[in-house]
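Encoded as structure tokens, the structure appears first; notes follow it.
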Amino acid sequence: MVSYADNRELRREIYTAFVTRASDQGPDAGKFDNAAIMEEILALRSEIAQLLGFATYADYSLATKMAESPEQVLDFLNDLARRALPQAKEEFAELSDYARDELGLETLEPWDVAYASEKLREARHAISQEQLRPYFPAPEWSTACSR
């Protein structure tokens with residue numbers, strides 16, 4: 001919906017509702033707040049890890065994975081972010097320019113990004129995600145990808 005709604009205020013409302021769901025923020029602040037549940041999950045994960053002889057849940061989780069430590073994971077992610085940042089900045093600047101010049105959006109807000117991206121994709125390739133949808137039905141596509 002956020003990718004296709006021409007109404008900016010509607011995009012803002014949908015975006016805000018989505019990013020603040022199950023929290024103490026946004027239009028339904030506190031109504032569906034999962035903070036207490038999340039704190040309990042984190043405490044139980046920590047307890048499980050310690051009972052099994054690990055310092056943290058991250059150490060426990062990585063015991064069966066390729067990475068050797070949480071620090072190695074963070075180093076990898078920081079290196080990946082450092083390498084990707086120049087391209088991300090370039091692409092965001094291009095998207096911001098397109099949004100300003102073609103869509104009249106002086107400032108590209110978080111709720112505008114998916115919309116502007118879809119409009120830019122349509123302008124560049126003369127095809128929209130909606131036009132492609134019949135060729136990639138979700139149930140069949142997700143089943144094929146999970147094989």
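Just so we're aligned, residue 1 is where the sequence shown starts under UniProt numbering, counting upward by one. Glycine included, every Cβ here is placed at the ideal spot set by N, Cα and C. All of these numbers come straight from a predicted model, not from anything done at the bench.
| field | Environment of Arg133 [buried if 16+ CB atoms lie within 10 Å] | value | With fewer than 16 Cβ atoms within 10 Å of its Cβ, Arg133 is classed as exposed.
(request) In the DSSP assignment, find the unbroken alpha helix (DSSP H) run with Lys119 in it and report its ends. (result) That run of the alpha helix (DSSP H) goes Val113 to His125.
Cβ shell of Asp33 (< 7 Å), same chain only, five flanking positions each side left out:
Ala22, Ser23 and Asp24.
### Query
CB Ala81 to CB Val73, shorter than 7 Å?
In this structure, Val73 does not lie closer than 7 Å to Ala81 by Cβ.
In whole angstroms, what is the alpha-carbon distance linking Lys65 and Met1?
Between the alpha carbons of Lys65 and Met1 lies a gap of roughly 37 Å.
Practice prompt. Check Leu108 in the structure and name its three-state DSSP category.
Written response: Correct three-state label for Leu108: coil.
field: Proximity to residue 163 [Cα-Cα], best of Ala114, Thr20 and Gly30
entry: Nothing in the structure corresponds to residue 163, since the chain is present only between 1 and 147.
- In this structure, does DSSP put Glu68 in helix, strand or coil? Residue state, collapsed to three classes: coil.
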